[in-house]
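According to the working numbering, the sequence shown holds residues 34 to 462 in order.
Below is one structure, written out as structure tokens, with a few remarks after it.
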Amino acid sequence: MTSDHEPQAASSAPSSGPAWEGSQLTALAARHGTPFFLYDLDAALAQLARLVAPLPATASVLYAMKANANARVLELLRGRVGGLDVSSIGEVRLACAAGYAPATMSFAGPGKSDEELREALQLGVGLISVESPGELRRLGAVARQLGRRAAITLRINPAHIPNAFMMKMGGQASQFGIAEEELEQPLRAALADPALELHGLHVYAGTQCLDAAAILDNVRATLTLVARLAGEHELAPRVVNLGGGFGIPYFAGQQALEVETLAPQLGELLTQAQAAEPRFAATRFVLELGRYLIGPYGVYVARVVEVKVTRGKRFAILDGGMNHCFAATGNFGQLVKKNYAVSNLTHPDAAPERQELVGPLCTPLDSLARAIDLPRAEPGDLVAFHACGAYTFSASPLLFLGHDTPVELVQHGGEVSVGRRRLAATHFA
């Protein structure tokens, strides 16, 4: 990650996110303290409905709970998504606690231990996405020990993926999936092992794609690849997991995907593929989406504790930082540091002034916005970081330096409730 030192103007919420009322966020800060996250599930569920409506009945969406595993978020998504994409046995347990049936889960991830595989089979997890020949052998052995048959998909690392995926998880040597050109032997082994039941194939090319044409091209390429493999091995896949990677706008100049256009085009593509390929006649198509479903609908609010001017730079020091919102520092997949959309809630009409928004941690990494032209922040001011619903609380070093965790609030039906209370570091001792 390199630093982008060009000044960046403050911006309001990204076009795909809700327009938060400063008065509402200020009232929540007075009631619950800072820092806090607020997730607008009313807006998130409305967007999910717009996405799903044009898709054929044979297509469903799995929520990738790695993006945001808040129990209240999971509960509100239950029944509105086809199930969950999980990546550890811990996520399986959390999902069960939130009321999900294990049969609705697809378990991915490159480092599943034998213990995780055993528990997943004992619980009845619906599908295990196998990421390597070694995992395939281990899973077969565990299934035989239990006297069970493991339902699996094989995850493929395709030879090529569109450049528009900002973080690529295929098309190169990777811990994710089995390389397309190396798939022959594992596929035959999966079909030959009586302890394994091959349900289909899985491709996850990458993430954070804002190009609708590239998303459709990737789905088309995946369908072509799976159809070829199905023909070569006389398969009729029950499941084709198409991955996801739908992006959201974080920065100035980025445009949100138009779901009203993309979803019908995707639905038509899947319908045509099912009609054209006899081996897809009974296939269920799956999309894995996490960031896209919750990312735009979260906001992180922190309070300015101190202002420091030194060597020509102005620092607004907040009561929360990378320990809560690591992605905003630019160290979670960005090649060049860019600032999230930020608002001064307390003095939105103050004269803009270049400043740096930093957290309270003892590391220079704890900078949430650099060289940003924001209405001058003073001690006590509330600052909001937008598009913070995904990969924030769930992907941050919460215990670093022993600060309290942020409270997580969830809005549903116009009412705000506590989704996860604030916890002191001693809670984890």
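Every residue, glycine too, gets a C-beta built ideally from N, C-alpha and C.
These numbers come from a predicted model, not from an experiment.
Here Ala423 really is in contact with Gly331; their C-beta atoms are around 7 angstroms apart, less than 8 angstroms. Distance from the CA atom of Cys421 to the CA atom of Pro227, rounded to whole angstroms, is 45 angstroms. Here the alpha carbons of Arg387 and Phe70 stand approximately 25 angstroms from one another. In the three-state scheme derived from DSSP, where H, G and I count as helix and E and B as strand, His460 is classed as helix. Looking only at Leu268, Leu290, Phe140, Arg182, the smallest Cα-Cα distance to Gly116 is reached by Phe140. In the three-state reduction of the DSSP assignment, Ser93 falls in the strand class, which pools E and B.
Residue range 440-445 is occupied by the beta strand (DSSP E) that includes His445. For Ala417, the enclosing beta strand (DSSP E) stretches over residues 415-418. Cys358 has no beta-bridge partner at all, per DSSP. Per DSSP, the continuous beta strand (DSSP E) segment holding Thr343 begins and ends at 331-343. From the listed residues Ser146, Tyr325, Met98, Phe426, the smallest Cα separation to Val163 is found for Ser146.
By alpha-carbon distance to Leu303, the top candidate from Lys371, Thr255, Arg324, Val337 is Thr255. Apart from the 5 residues on each side of it in sequence, Leu431 sits with its Cβ closer than 8 angstroms to the Cβ of Asn356, His357, Thr438 in its chain, given in chain order.
For Gln178, the enclosing alpha helix (DSSP H) begins and ends at 166-179. Rounded to whole angstroms, the gap between the alpha carbons of Gly446 and Leu58 is 17 angstroms. Taking the Cβ atoms as the reference, Asn103 lies roughly 7 angstroms from Val443, within the contact range of under 8 angstroms. By the criterion of a C-beta distance shorter than 6 angstroms, Gln307 is surrounded in its chain by Phe313, once the five residues flanking it on both sides are discounted.
Taken in chain order, the complete alpha helix (DSSP H) segments of 4 residues or longer contained in the segment 253-317 are 292-309. Looking at Val292, Gly435, Pro87, the one whose alpha-carbon comes closest to that of His460 is Gly435.
By the Cβ criterion, the segment 242-254 is not in contact with the segment 208-226, since fewer than three pairs of Cβ atoms, one from each stretch, lie closer than 8 angstroms. Counting only residues of its own chain and dropping the five nearest sequence neighbours on each side, Glu291 has a CB closer than 8 angstroms to the CB of Ala245. Going by C-alpha positions, Val342 is about 45 angstroms away from Ser121. Under a 10 Å Cβ-count criterion, Leu299 is classified as buried, with 16 or more other Cβ atoms of the shown protein chains found around its own Cβ. The residue from Glu149, Ser165, Pro166 with its alpha-carbon nearest to that of Val158 is Glu149. Beta-bridge annotation (DSSP): Tyr72 is paired with Gly331, Val443.
No residue range can be given for Arg113, since it is assigned to no alpha helix (DSSP H) and is classified by DSSP as neither H nor E. Ala60 and Glu168 have their alpha carbons spaced roughly 51 angstroms apart. A residue is called buried when at least 16 other Cβ atoms come within 10 angstroms of its Cβ; His419 meets this threshold and is buried.
Lys346 is bridged by DSSP to Thr343.
For the pair Phe284 and Gly363, the Cα-to-Cα distance works out to about 12 angstroms. Boundaries of the alpha helix (DSSP H) harbouring Ala225: 217-225, taken from the DSSP string. Just measuring C-alpha positions, the residue of Arg83, Gly66, Ala76, Ala428 sitting nearest Ala296 is Arg83. The three-state secondary structure of Ser429, taken from DSSP, is coil. Under DSSP, the beta-bridge partners assigned to Ser376 are Ala417.
Taking a C-beta distance under 8 angstroms as the contact criterion, Tyr72 and Val106 qualify as a contact pair. Secondary structure note for Gln155: it is in no beta strand (DSSP E), and the uninterrupted alpha helix (DSSP H) holding it is 147-156.
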